[in-house]
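Visitor:
Residue numbers (the numbering used here): 174 to 582.
1. Does the structure place the region 489 to 503 close enough to the region 203 to 216 that three or more beta carbon pairs sit under 8 Å?
2. Using the C-alpha atoms, what's the distance from residue 351 back to residue 328?
3. Would you report the Cα separation of residue 386 and residue 265, rounded to the nearest angstrom?
4. Buried or exposed: which applies to residue 512, given that a residue is buried once 16 or more other Cβ atoms fall within 10 Å of its Cβ?
5. Taking C-beta to C-beta, are residue 358 and residue 229 nearer than 7 Å?
6. Using a 10 Å radius around the Cβ and a threshold of 16 neighbouring Cβ atoms, would you call residue 380 buried or exposed?
7. Look at residue 243 and residue 416 and say whether their C-beta atoms are less than 7 Å apart.
8. Between the C-alpha atoms of residue 198 and residue 452, what's the straight-line distance to the nearest angstrom?
9. On the DSSP bridge list, what partners appear for residue 266?
10. Distance check for residue 258 and residue 429, CA to CA, integer angstroms please.
11. Any contact between the region 361 to 373 and the region 276 to 292? By contact I mean 3 or more CB pairs, one from each, below 8 Å.
12. Identify whether residue 239 lies in helix, strand or coil by the three-state DSSP scheme.
13. Please confirm if the region 537 to 551 is in contact with the region 211 to 231, defined as three or more CB-CB distances below 8 Å between the two stretches.
14. Count the C-beta pairs between the region 267 to 284 and the region 396 to 416 that are closer than 8 Å, then say yes if the count reaches three, no if not.
15. Alpha carbon to alpha carbon, how far is residue 425 from residue 203? Give it in angstroms, no decimals.
16. Inspect the beta-carbon positions of residue 561 and residue 489 and report whether they are closer than 7 Å.
17. Should residue 347 go down as buried or exposed, given a rule of 16 or more other Cβ atoms within 10 Å for buried?
18. Rank 549, 407, 566, 301 by C-alpha distance to the C-alpha of residue 444 and give the top, closest one.
19. Measuring alpha carbon to alpha carbon, tell me which of 250, 217, 200 ends up nearest residue 436.
20. In whole angstroms, give me the CA-to-CA distance for residue 300 and residue 332.
21. For residue 344, list the residues DSSP reports as bridge partners.
22. Measuring alpha carbon to alpha carbon, tell me which residue in 384, 491, 316 is nearest residue 356.
23. Could you tell me how far apart the beta carbons of residue 457 and residue 485 are, in whole angstroms, since I believe they sit closer than 8 Å?
24. Per DSSP, which one or two residues make a beta bridge with residue 311?
25. I'd like to confirm the pairing. Which residues does DSSP put opposite residue 175 in its beta bridges?
26. To the nearest whole angstrom, what separates the beta carbons of residue 492 and residue 201, a pair I think is in contact under 8 Å?
27. Rounded to whole angstroms, what is the Cα-Cα separation between residue 382 and residue 371?
28. Within 10 angstroms of its Cβ, does residue 384 collect 16 or more other Cβ (buried), or is it exposed?
29. Tell me the start and end of each unbroken beta strand (DSSP E) in the region 370 to 449 that is at least 3 residues and wholly inside, in chain order.
30. Quick one: what does DSSP say residue 302 is sitting in, helix, strand or coil?
31. Hey, quick one: how far does the alpha helix (DSSP H) through residue 513 stretch, first residue to last?
32. Can you name the residues that DSSP bridges to residue 283?
33. DSSP three-state label for residue 196, please.
34. Could you check whether residue 262 and residue 389 sit closer than 7 Å to each other, using their CB atoms as the reference points?
35. From the DSSP output, which residues share a beta bridge with residue 288?
36. Rounded C-beta distance between residue 235 and residue 516? I'm assuming under 8 Å.
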């Protein structure tokens, strides 16, 4: 095996082979390096982006949400029932609705209203302990859209919907803007309005009732397993239809979109590696034609057809392995200096990878998972190994006596 490896290495870096073959070898190696490094960088950035979004979604979502289309008057009974679960930290009743906020007749937009009790002190990562009746907390995007500032007076209009689904005449009320905050996700910043639970219940005509209860637990990643247990527990005390969802299900569409984007990008970038393997086939085929005399000599001194197949196969894999190793090195180097590369691209082309107004991310996040690196390397080597088979087998089929006769002639 050592002899085969030595011969394959000498053939790959031989100064005697034609310049064109050397160029094709270099191109195929660099193409594989480009594909591998691109996959490592893109997957790592997507991993970081996914983790960043997940962290913000967890902060801006209740771990588990209990909701009903009908008013929940016995929400305190729900809180008492859930005390049996040691994993639950506390429960927060809330009122949720859609409405229209207006500064003037011309300046208005639809909003998501969330009424909470200031006694809970912090909600959505926002301090609410000073929130009193008649005041609102708005997202920065919404404030910019309506040109609002702290202390402004706005009109909030909410349609009332009966349990039978009938919409009655909407109720309107004036509020003062208490605070303008950055929630951290554009979806919330441009639509979310926080207000006192009593005001929200009054606008919707719920009295002392709410239409949802948020549940916070010790470990957010156990939320999915707790949903069924909570459902079974609440069936005993709730005499109305209700749903229990965890934070991942509430944001399922967002996470599905990220997974789809990640998959599509991976497939597209892996195409670079596939195209590079065609260069490997061309390089090996040309090398076989160029080394026919050497093939004949090797066969005449005792090398078998199987040995020759191994030699050219190893030659092809060495070229691919160099590309993979260089790709891993370059990919990790780019990740370690990602902010610098991002600045260079933004300076040269004016391209923003992650617009600050959309994602509120000051630097591009990344998470380098070595399982991804190993998978990419194995994928590139596997595809290339298949590509190396045909020209390697063709080399073993050459007739040494005929080749020597042709060269002698």
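Glycine is no exception: its CB is placed at the ideal position from the N, C-alpha and C atoms.
Note that the structure is a prediction, hence the values are computed from the model and not measured.
Guide: Checking against the coordinates, here is how it stands:
1. Yes, they touch.
2. For the purposes of this step, residue 328 is taken as residue 155 along the chain shown, with counting starting at 1. For the purposes of this step, residue 351 is taken as residue 178 along the chain shown, with counting starting at 1. C-alpha separation (whole angstroms): 14 Å.
3. Locating residue 386 in the chain shown gives position 213, where the first residue counts as 1. Locating residue 265 in the chain shown gives position 92, where the first residue counts as 1. In a straight line, the C-alpha of residue 386 is about 6 Å away from that of residue 265.
4. As a position in the chain shown, residue 512 is number 339, starting the count at 1. Taking all protein chains shown into account, residue 512 has fewer than 16 neighbouring C-beta atoms within 10 Å of its C-beta and is therefore exposed.
5. Looking up residue 358 in the chain shown gives position 185. Looking up residue 229 in the chain shown gives position 56. Yes, the Cβ-Cβ distance between residue 358 and residue 229 is below 7 Å.
6. Walking along the chain shown from the start, residue 380 turns up at place 207. Flag for residue 380 reads exposed.
7. Translated into the one-based positions of the chain shown, residue 243 becomes position 70. Translated into the one-based positions of the chain shown, residue 416 becomes position 243. No, they are not a contact pair.
8. Within the chain shown, residue 198 is the residue found at index 25, counting from 1. Within the chain shown, residue 452 is the residue found at index 279, counting from 1. Roughly 8 Å between the two C-alpha positions.
9. The sequence position of residue 266 within the chain shown is 93, counting from 1. Looking at the DSSP output, residue 266 shares a beta bridge with 386.
10. Here the question's residue 429 lines up with position 256 in the chain shown. Here the question's residue 258 lines up with position 85 in the chain shown. Distance from the CA of residue 429 to the CA of residue 258, rounded to the nearest whole angstrom, comes to 30 Å.
11. Taking 8 Å as the limit for Cβ pairs, the verdict is that the region 276 to 292 does touch the region 361 to 373.
12. By 1-based counting over the chain shown, the position of residue 239 is 66. Correct three-state label for residue 239: strand.
13. Output reads yes: the region 211 to 231 touches the region 537 to 551.
14. No contact exists between the region 267 to 284 and the region 396 to 416.
15. Start at 1 with the first residue of the chain shown, and residue 203 comes out as number 30. Start at 1 with the first residue of the chain shown, and residue 425 comes out as number 252. Whole-angstrom Cα-Cα distance: 39 Å.
16. Your numbering for residue 561 matches position 388 in the chain shown. Your numbering for residue 489 matches position 316 in the chain shown. Result yes, Cβ atoms of residue 561 and residue 489 sit closer than 7 Å.
17. In the chain shown, residue 347 corresponds to position 174, counting from 1. Label assigned to residue 347: exposed.
18. Numbered from its first residue, the chain shown carries residue 444 at position 271. When only C-alpha atoms are compared, the closest one is 549.
19. Locating residue 436 in the chain shown gives position 263, where the first residue counts as 1. Of the listed residues, the one whose Cα sits closest to residue 436 is 217.
20. What you label residue 300 is simply residue 127 of the chain shown in a count that begins at 1. What you label residue 332 is simply residue 159 of the chain shown in a count that begins at 1. When rounded, the distance between both Cα atoms is 28 Å.
21. By one-based count along the chain shown, residue 344 stands at place 171. Residue pairing by DSSP places residue 344 opposite 331 in a beta bridge.
22. As a working note, residue 356 is residue 183 in the chain shown. Comparing Cα-Cα distances from residue 356 to each of 384, 491, 316, the minimum goes to 316.
23. Counting from one through the chain shown, the residue named residue 457 turns up at place 284. Counting from one through the chain shown, the residue named residue 485 turns up at place 312. The beta-carbon distance between residue 457 and residue 485, rounded to whole angstroms, is 6 Å. This is short enough to meet the 8 Å contact definition.
24. Here residue 311 refers to the residue found at position 138 of the chain shown. Beta-bridge pairing links residue 311 to 353, 366.
25. Position 2 of the chain shown, counting from 1, holds the residue named residue 175. According to DSSP, residue 175 shares a beta bridge with no other residue.
26. The residue labelled residue 492 in the question sits at position 319 within the chain shown. The residue labelled residue 201 in the question sits at position 28 within the chain shown. That pair is a contact at about 6 Å.
27. For this step, residue 382 is matched to residue 209 along the chain shown. For this step, residue 371 is matched to residue 198 along the chain shown. Near 9 Å, if we compare the C-alpha coordinates of residue 371 and residue 382.
28. For the purposes of this step, residue 384 is taken as residue 211 along the chain shown, with counting starting at 1. By the neighbour-count definition (other C-beta atoms within 10 Å, threshold 16), residue 384 is a buried residue.
29. The region 370 to 449 contains these whole beta strand (DSSP E) runs: 383 to 390, 416 to 419.
30. Position 129 of the chain shown, counted from the first residue, corresponds to residue 302. Correct three-state label for residue 302: coil.
31. As a first step, residue 513 is located in the chain shown; it is residue number 340 there, counting from the start. DSSP places residue 513 inside the alpha helix (DSSP H), whose first and last residues are 511 to 522.
32. Your numbering for residue 283 matches position 110 in the chain shown. 273, per the DSSP bridge assignment.
33. Counting from 1 along the chain shown, the entry for residue 196 is found at position 23. Assignment of residue 196 by DSSP, reduced to helix, strand and coil, places it in the helix class.
34. The residue labelled residue 389 in the question sits at position 216 within the chain shown. The residue labelled residue 262 in the question sits at position 89 within the chain shown. It is a contact, given that the beta carbons lie within the stated cut-off.
35. Looking up residue 288 in the chain shown gives position 115. Answer is 268, 368.
36. Stepping through the chain shown from its first residue, residue 235 is reached at position 62. Stepping through the chain shown from its first residue, residue 516 is reached at position 343. In this structure residue 235 is not in contact with residue 516, their Cβ atoms being roughly 38 Å apart against a cut-off of 8 Å.
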